[in-house]
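J.: Residue numbers (my numbering): 5 to 207.
(1) How would you label residue 17, buried or exposed, when you count the other beta carbons within 10 angstroms and need 16 or more for buried?
(2) Could you tell me whether the segment 67-79 touches the segment 35-45, using the rule of 3 or more Cβ pairs below 8 Å?
(3) Beta carbon of residue 181, beta carbon of residue 156: below 9 Å?
(4) Just curious, the alpha helix (DSSP H) that residue 65 is in, first and last residue?
(5) For the alpha helix (DSSP H) containing residue 196, name the first residue and the last one.
(6) Contact between the segment 141-149 and the segment 52-70 is defined here as three or more beta-carbon pairs at a separation below 8 Å; is this criterion met?
(7) By Cβ distance below 6 Å, which residues in the same chain neighbour residue 195 in space, the five residues on each side in sequence not counted?
(8) Give me the Cα-Cα distance between residue 147 and residue 134, rounded to the nearest whole angstrom.
(9) Given a threshold of 16 other Cβ atoms within 10 Å of its Cβ, counted over all protein chains shown, does residue 2 qualify as buried or as exposed?
(10) Going by DSSP, what residue range makes up the alpha helix (DSSP H) through residue 37?
(11) Please classify residue 149: is it buried, with 16 or more other beta-carbons within 10 angstroms of its beta-carbon, or exposed?
(12) Among the residues of its own chain, which have a CB less than 7 Å from the CB of residue 163, if the five just before and after it don't count?
(13) Apply the 10 Å Cβ neighbour rule to residue 45 and answer buried if 16 or more other Cβ atoms are within range, or exposed otherwise.
(14) From the DSSP output, in three-state form, read off residue 159 for me.
(15) Please classify residue 30 as buried or exposed, where buried requires at least 16 other C-beta atoms within 10 Å of its C-beta.
(16) Is it right to say residue 185 is buried, meaning 16 or more other beta carbons lie within 10 angstroms of its own, or is it exposed?
Here it is in structure tokens:
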């Protein structure tokens, strides 16, 4: 079946910026390698562009290639840049979580997050807008928190490898992961689920 000229028209500049942004968090000490990895990925994407009929499918495939390149690069290094505590950024997250509780420690009812278990993940993940909001929430994390969270949840490294190569104690690792998940829950509640609820009330 012949594809129309409008079937797939990647925004190469936006795609490049997305890859660069992700790589700069994962490889803060390797700027030259970042450019090489991005360039290699985009060249491969150009070569396979005609194999795809959907923009989202194509971008997911490109990012999958890029993730593997980042993982291979990191695994080729003896140590990854040590994760330090960015005190102000971490305090900002702590202040955010503290604001969700009353003085007696009880959860503020107006800040309750949606019960994600009663929502169908596939319904959300097929929505490009949801993915954009999720990406925005991820990049709003403090850099070190984002790096560790993305290593575990996006790149798929196991906890022990992250702790060893980043010089993290087990307790520090779990604190960073907890803070990341709580930030994402709060961010998605405000930016996505509350918006859906408001739209539902108006319809």
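Where a beta carbon is used, it is the ideal one built from N, C-alpha and C, also for glycine.
T.: A quick look at the data gives this:
(1) As a position in the chain shown, residue 17 is number 13, starting the count at 1. Exposed, by the Cβ-count rule.
(2) The count of Cβ pairs closer than 8 Å, one atom from the segment 67-79 and one from the segment 35-45, reaches three, so the stretches are in contact.
(3) Working through the chain shown from its first residue, we reach residue 181 at position 177. Working through the chain shown from its first residue, we reach residue 156 at position 152. Cβ atoms of residue 181 and residue 156: closer than 9 Å.
(4) Taking the first residue of the chain shown as position 1, residue 65 is located at position 61. Unbroken alpha helix (DSSP H) run through residue 65: 59-79.
(5) Numbered from its first residue, the chain shown carries residue 196 at position 192. Per DSSP, residue 196 belongs to no alpha helix (DSSP H) and is neither H nor E.
(6) With a cut-off of 8 Å, the segment 52-70 and the segment 141-149 do not count as touching, because too few Cβ pairs lie within range.
(7) Indexing the chain shown from 1 puts residue 195 at position 191. For residue 195, where only same-chain residues beyond five positions count, the Cβ hits under 6 Å are 137.
(8) Taking the chain shown and counting its residues from 1, one reaches residue 147 at position 143. Taking the chain shown and counting its residues from 1, one reaches residue 134 at position 130. A direct Cα-to-Cα measurement between residue 147 and residue 134 gives close to 22 Å.
(9) In this structure the chain extends from 5 to 207, so residue 2 is not present and cannot be described.
(10) Here residue 37 is taken as the residue at index 33 of the chain shown, counted from 1. From DSSP, the alpha helix (DSSP H) with residue 37 extends over 35-52.
(11) By one-based count along the chain shown, residue 149 stands at place 145. Residue 149 should be labelled buried.
(12) For the purposes of this step, residue 163 is taken as the residue at position 159 of the chain shown. These residues qualify, in order along the chain: 156, 177.
(13) Position 41 of the chain shown, counted from the first residue, corresponds to residue 45. Note on residue 45: 16 or more other CB atoms within 10 angstroms of its CB, so buried under the neighbour-count rule.
(14) Counted from its first residue, the chain shown places residue 159 at position 155. In this structure, DSSP gives residue 159 a state outside helix and strand, which the three-state scheme calls coil.
(15) Here the question's residue 30 lines up with position 26 in the chain shown. Flag for residue 30 reads buried.
(16) Counting from one through the chain shown, the residue named residue 185 turns up at place 181. Under a 10 Å Cβ-count criterion, residue 185 is classified as exposed, with fewer than 16 other Cβ atoms of the shown protein chains found around its own Cβ.
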